[in-house]
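Only one structure is covered here, and it is reproduced in the block below.
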Amino acid sequence: MATAAVAAGSLLTGAPAALAAAPSSAATAAVPCGYREQAPFAFWYNCRSTNVKIRVDVILYPDRDYCTLPGDNLLDSGSSRTRGAKEIGGC
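In mature numbering (1 follows the signal peptide of the UniProt record, and there is no 0), the protein residues as written are -20 to -1, 1 to 71.
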């Protein structure tokens, strides 16, 4: 599955080519579900087969809600500005 960049309340399709490459099946199996940081980026891996709404804890700013696609999603906040994320429902 390709990596998708997400913006508050919407999805972005212009992820950098290096990030948008589809991972191998071995790499996909190693990615944990949920929030993770891989500096300087923050990701949400959606293990479900449907879109999921998440709330990202943004440092010194209001938290942001995102709609994530199944698979790996690049969060626009970046790992230096986030502390984590949690699933809050469907979208």
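For glycine and all other residues, C-beta sits at the position ideal for the given N, C-alpha and C. This structure is a prediction, so every number in the text was calculated from the model and none was measured.
Residue i at chain C interface by Cβ criterion, 8 Å
i: Ala19; result: No chain C appears in the structure shown, which is made up of a single protein chain.
Length of the line joining the Cα atoms of residue i and residue j
i: Pro12; j: Tyr25; result: 7 Å
i: Asp54; j: Gly64; result: Checking the sequence shown, residue 54 turns out to be Leu, not Asp. Distance between the alpha carbons of Leu54 and Gly64 is about 13 Å.
i: Arg44; j: Asp56; result: 10 Å
i: Thr30; j: Cys71; result: 9 Å
i: Gly51; j: Gly14; result: 10 Å
Residue i burial status per 10 Å Cβ neighbour count (16 or more: buried)
i: Cys27; result: exposed
i: Tyr41; result: exposed
i: Ala10; result: exposed
i: Ala(-3); result: Low confidence applies here, because Ala(-3) scores a pLDDT of 34, under 50, leaving its location unreliable; read the following figure in that light. Under this definition Ala(-3) is an exposed residue.
Cβ shell of residue i (< 7 Å), same chain only, five flanking positions each side left out
i: Arg61; result: Val38 and Ile39
i: Glu67; result: Val32 and Ile34
Cβ pair residue i, residue j closer than 8 Å
i: Gly58; j: Pro20; result: yes
i: Val36; j: Thr48; result: no
Own chain residues within Cβ distance below 6 Å of residue i, not counting five before or after
i: Arg16; result: Phe23
Same chain, Cβ closer than 8 Å to residue i, neighbours up to 5 away in sequence not counted
i: Gln18; result: Ser59
Within the stretch 24 to 53, ranges of the beta strand (DSSP E) (whole runs, at least 3 residues): 32 to 38 and 44 to 48
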